[in-house]
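**Q**
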Amino acid sequence: MKINRRKRPSGLLLILILVALAILAAILILPEPGLSGSLVFKGQETTTSITIEKVRDNIYMIKGGSGANCYFLAGKKTNLLIDAKMSPESLKDTLAEIQKISAKPLSLVILTHSDGDHVNGLSGLPGGIRILAHKKTYEEMLPAVEQRPELKDFLPSETYEGSKNLDFEGTRLELRNFGPAHTSGDTVTFIPESKVAIAGDLVFIGRDPLIHKQKNGSFFALIKTLESMLAYKPEIELFLSGHADPASRQYIAELVNSLKEKEARVREMIQQKKTLEEIKAAFGLEPGSAPSRRPSLIDIIYQEIMEKK
Ligand SMILES: [Zn+2]
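Each residue of the sequence shown is one higher than the one before, starting from 382 at the first, in the working numbering.
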């Protein structure tokens, strides 16, 4: 009995240690959420199983795999895909999962913007598929082609500027670019009939928005874009995005307000002659604490305010 009593706790302890190690390993291996959308690829792809959820009507959200959320519209004759995962393997897995829900050929891919976690899987498409994107997205994909030559055959086959309306088997789609924001080629796809808009990475939830300065992204313009997006079709109820669950119109309005509040706080501190480091510290960003693969939102707001002075 005595031996048994001793053995049990030690067995339990071993299990606890193993569980703790597994959790630690998962934390260390997983990349920072939402940071996969950079031009740089170091094999940091996360691969989880792909799940498809119906959002509304014939609109489906695809989560998991590697890269950002994708969306697809199931038509009567064909399917339409929005964004293309981060690796060809993951896109192929995605297409196979879509077939289980709607066994139709894919007729069109729309890209929300040029980040790798939305476009690098394109070479997993069958050849000859129509790919539509904003002109700037096409241009911003060109440097990535140098690193990934296989993407050359999967650059957008069709581009637009400003706006483009489409008829997808009777469903009206309105593509809009409201100017530079996350990148300079962001597309919002409005599906008025379903009261849904697909906004790519213009909407981040639970973290600061990303502004790609190297792609002419802009914080001020992001605020304008989000406001334009809300004003464009007041009937839109749901906003779908690359790294979050569907968001309500009210949520986007609150997001805009919180961004404006941040800007106002930074402006006030600039007027008080505070340094960038002091301002960042006021937002809880300790110098050197965040390993910066990219500047923080406060850096960007500060920079844009100073440039306009
Ligand atoms: Zn992005």
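Idealized CB from N, CA, C, for every residue including glycine. The model shown is predicted, which means the values in this text are computed figures rather than measured ones.
Nearest CA to the CA of L603: which residue from N439, K614 and D589?
**A** On the sequence shown, residue 603 is found 222 positions in, with the first residue counted as 1. Looking at the Cα atoms, D589 is the closest of the given residues.
**Q** CA-CA distance, P486 and R553?
**A** Counting from 1 along the sequence shown, the entry for residue 486 is found at position 105. Counting from 1 along the sequence shown, the entry for residue 553 is found at position 172. The alpha-carbon atoms of P486 and R553 are separated by roughly 20 angstroms.
**Q** Beta carbon of T564: closer than 8 angstroms to some heavy atom of ligand 1?
**A** By 1-based counting over the sequence shown, the position of residue 564 is 183. Checking every heavy atom of ligand 1 against the Cβ of T564, one is found closer than 8 angstroms.
**Q** If you measure from the beta carbon of N546 to each beta carbon in chain D, is any gap under 9 angstroms?
**A** In summary, chain D is missing from the structure at hand, where a single protein chain is found.
**Q** With respect to the alpha helix (DSSP H) encompassing G445, which residues constitute its N-terminal and C-terminal limits?
**A** Translated into the one-based positions of the sequence shown, residue 445 becomes position 64. Note, G445: premise wrong, no alpha helix (DSSP H); beta strand (DSSP E) at I440 to G446.
**Q** Going by alpha carbons, who is nearest to T432 out of K458, N439 and I482?
**A** Along the sequence shown, one-based indexing puts residue 432 at 51. Closest option to T432, Cα to Cα, is I482.
**Q** Are the region 453 to 472 and the region 505 to 514 touching by the rule of at least three beta carbon pairs closer than 8 angstroms?
**A** In short, these stretches touch, since the Cβ pair count reaches three.
**Q** Given a threshold of 16 other Cβ atoms within 10 Å of its Cβ, counted over all protein chains shown, does G543 qualify as buried or as exposed?
**A** Your numbering for residue 543 matches position 162 in the sequence shown. It is exposed - the Cβ of G543 has fewer than 16 other Cβ atoms within 10 Å.
**Q** Buried or exposed, going by whether 16 or more other CB atoms sit within 10 Å of the CB of D498?
**A** For this step, residue 498 is matched to residue 117 along the sequence shown. Classification for D498: buried.
**Q** Please determine whether the Cβ atom of L591 lies at a distance below 8 angstroms from any heavy atom of ligand 1.
**A** On the sequence shown, position 210 is the one that residue 591 refers to. Checking every heavy atom of ligand 1 against the Cβ of L591, one is found closer than 8 angstroms.
**Q** Taking the alpha-carbon positions, what's the L503 to L532 distance?
**A** In the sequence shown, residue 503 corresponds to position 122, counting from 1. In the sequence shown, residue 532 corresponds to position 151, counting from 1. Cα-Cα distance, rounded: 7 angstroms.
**Q** Whole angstroms is fine: what's the gap from I679's alpha carbon to F585's?
**A** For the purposes of this step, residue 679 is taken as residue 298 along the sequence shown, with counting starting at 1. For the purposes of this step, residue 585 is taken as residue 204 along the sequence shown, with counting starting at 1. Taking the straight line from one Cα to the other gives about 16 angstroms.
**Q** For ligand 1, any of its heavy atoms closer than 8 angstroms to the Cβ of G502?
**A** Numbered from its first residue, the sequence shown carries residue 502 at position 121. G502 Cβ: outside cutoff for every heavy atom of ligand 1.
**Q** Okay, do the region 626 to 646 and the region 465 to 473 touch, 3+ Cβ pairs below 8 angstroms being the bar?
**A** No, the region 626 to 646 does not touch the region 465 to 473.
**Q** Once DSSP output is grouped into helix, strand and coil, what is the label at F571?
**A** Position 190 of the sequence shown holds residue 571. Three-state result, F571: strand.
**Q** Could you check which residue in K690, I651, G581 and E539 has the C-alpha nearest to that of V569?
**A** For the purposes of this step, residue 569 is identified with residue 188 of the sequence shown, where counting begins at 1. For the residues K690, I651, G581 and E539, the minimum Cα distance to V569 belongs to G581.
**Q** For a minimum of 3 consecutive residues, which ranges assigned as the beta strand (DSSP E) are wholly contained in the region 561 to 636?
**A** Taking only runs of at least 3 residues, the beta strand (DSSP E) segments lying wholly in the region 561 to 636 are 569 to 572, 577 to 579 and 619 to 621.
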